[in-house]
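What follows is one structure encoded as structure tokens, with my remarks underneath.
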Amino acid sequence: MNGRSGSLTSSSSVSQDLLLQAYRRAIRLVFNLVVVALLVGLFVGAWRTFLELGLTLTEPTVRLGFKELVTNVLSLVVLLELVRAFVEYFEVERVRLEILLEMGIALALRELLLLLFEGKLSGMEVFFWSLGILVLVAGRTLAVQFSPRRAG
């Protein structure tokens with residue numbers, strides 16, 4: 010009986026190892042595809058932004074052209090942070106909190122600036138947006154200060 014249960018345990022362990030190995034390969038493949046897709050999107054977005062630079066001159070008002078330019082550039086910054094988060098995960102197999110907070114800061118700044126350009130914010134809303142961004146910056150500062158790499 011002991012021989013059989015030992016072989017069943019080792020057989021089960023081998024099948025679990027194979028399943029875990031297949032899972033890791035599948036995750037790597039998916040992450041590779043996502044990173045490639047994000048990089049292609051980043052390059053296409055940068056190229057289109059450069060092509061649309063002429064819009065700042067051809068729009069009826071400077072404000073409309075500038076708004077489009079700022080929207081595109083800030084969207085590229087958010088996409089760049091997203092690529093950075095995926096690459097960081099791919100390298101060390103974990104996502105650092107500071108990168109996620111940087112992505113949140115970039116996204117919040119993008120939204121705040123877009124709403125400001127559209128003139129849709131009141132003074133109190135600007136205050137709350139600024140307070141939220143300040144909290145994200147403080148969180149990022151704390152994440153860097155108390156990073157596991159610094160503690161170890």
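Take 10 as the starting number for the sequence shown in this note's numbering and just add one per residue. Here a beta-carbon is modelled for each residue, glycine too, at the ideal position from N, C-alpha and C. Because the structure is a prediction, the values reported are computed rather than measured.
| Check | Outcome |
| --- | --- |
| Does the count of Cβ pairs from the segment 140–157 and the segment 106–116 closer than 8 Å reach three? | yes |
| Which stretch, first to last residue, makes up the alpha helix (DSSP H) that contains residue 119? | 106–127 |
| Can you tell me whether residue 36 is buried or exposed? The criterion is at least 16 other CB atoms within 10 Å of its CB, across all chains shown. | exposed |
| Pick helix, strand or coil for residue 69, following the three-state DSSP scheme. | coil |
| What first and last residue would you give for the alpha helix (DSSP H) that runs through residue 137? | 132–154 |
| Taking just the CA atoms, how far does residue 79 sit from residue 63? | 13 Å |
| Would you say residue 81 and residue 61 are within 8 Å of each other, going by their C-beta atoms? | yes |
| Just how far apart, CA to CA, sit residue 58 and residue 84? | 10 Å |
| Output the distance between the C-alpha atoms of residue 55 and residue 46, rounded to the nearest integer angstrom. | 14 Å |
| Could you tell me the distance, in whole angstroms, from the CA atom of residue 74 to the CA atom of residue 134? | 25 Å |
| Work out the CA separation of residue 93 and residue 100 for me, nearest whole Å. | 10 Å |
| Which term fits residue 91, buried or exposed, when burial requires 16 or more other beta carbons within 10 angstroms of its beta carbon? | buried |
| Whole angstroms is fine: what's the gap from residue 125's alpha carbon to residue 111's? | 21 Å |
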